[in-house]
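Chemist: One structure follows; several queries about it will come next.
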Amino acid sequence: MKKSKTTTFLLELPLRVDAGQARRLHAHLEVARCFYNAMLGEAKKRLNQVRSAPAWQEARGMARSHKQERRQAFSLVRHQYGFSDYAMHDYAKATRKSWIADHIDSTMAQTLATRAFQAVNKVCLGQANTVRFRSKGRGIDSVEGKRNDTGMRFLLQAPEEGSSGWLVWGADRILALIDWHDPVVCHGLKQRLKFARLVRR
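Numbering (this note's numbering), first residue to last: 59 to 259.
In structure tokens:
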């Protein structure tokens, strides 16, 4: 059964980060950068395989008036070479092993794989000329999960216990600075939390 869509909006909260937490967050984000680059490289390789396939050239040569047949032909080649979001999720699962798993949970690995696939897919669709790998200097400044019940997540105290909130990532609980006098903040935190995103500024 398909899930019903609900309104989604973003609420930004600053974090109080100590020196040890900052060091560990930097390490997490550096691993995320390397992992993203690995996903990007794999997606590019698969796109090159797709474009080199005779079946892809045949699909390109089909009359545009035959939309359904043309779309199906392209889809078959994509599937053959694993050029899809879900196939990249499988690759991310296989790649996220040993020490990488200490920094990136499974849902974050999927979001990074999706981000990489979408970037390469824009090249495939003619919406971009190329993709850019993230250098150490440029880095990667935002990561997110897919849910708020596992991996990196935001936890809010029950009203009877207090009014604090934390970003939880691994063993770290990083205090969020919450202005409960701000009606926008109050409204946002009363809603169901779908996922957490960390942005470095």
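Cβ atoms here follow ideal geometry from the backbone N, Cα and C, with glycine treated the same way. Keep in mind that this is a model prediction, so the values were computed, not measured.
Could you tell me the distance, in whole angstroms, from the CA atom of R192 to the CA atom of Y94?
Modeler: Going by the C-alpha atoms only, they are around 8 Å apart.
Chemist: Between T153 and G209, what straight-line distance do the alpha-carbon atoms span, to the nearest angstrom?
Modeler: The straight-line gap from Cα to Cα measures roughly 17 Å.
Chemist: For S156, which of helix, strand or coil comes out of DSSP?
Modeler: Helix at S156.
Chemist: Which same chain residues end up closer than 7 Å to L213 when comparing Cβ atoms and leaving out the 5 residues on each side of it in sequence?
Modeler: Hits under 7 Å: G223, W224, V226.
Chemist: Tell me the residue span of the beta strand (DSSP E) that contains S142.
Modeler: Run containing S142: none; DSSP gives neither H nor E here.
Chemist: What's the gap between the Cα of I232 and the Cα of G78?
Modeler: For I232 and G78, the distance between alpha carbons rounds to 11 Å.
Chemist: What does a CB cutoff of less than 7 Å around K204 pick up in its chain, not counting 5 residues either side in sequence?
Modeler: Closer than 7 Å at Cβ, skipping near neighbours: T165, Q168, T169, F253.
Chemist: Short of 8 Å in beta carbon distance, which residues of its chain neighbour M120, apart from the five on each side in sequence? Order them along the chain.
Modeler: Answer for M120: E127, R128, A131, listed in chain order.
Chemist: Can you name, in chain order, every residue of its own chain whose Cβ lies under 7 Å from the Cβ of D76, other than the five neighbours on each side?
Modeler: Nothing meets the Cβ criterion.
Chemist: Would you decide whether H86 is buried or exposed? Buried here means 16 or more other CB atoms lie within 10 Å of its CB.
Modeler: By the 10 Å Cβ count, H86 comes out buried.
Chemist: According to the Cβ coordinates, are R74 and L251 closer than 8 Å?
Modeler: Against a cut-off of 8 Å, the Cβ pair of L251 and R74 comes out as no contact.
Chemist: Report the residue from S133, H137, L247 whose alpha carbon sits nearest the alpha carbon of Q215.
Modeler: Minimum Cα distance to Q215 is reached at L247.
Chemist: Flag this pair as yes or no: are the beta carbons of A113 and L98 separated by less than 8 Å?
Modeler: Their beta carbons are not under 8 Å apart, which means A113 does not touch L98 by this criterion.
Chemist: Alpha helix (DSSP H) containing L251: first to last residue?
Modeler: Premise fails: L251 is in no alpha helix (DSSP H) and is neither H nor E.
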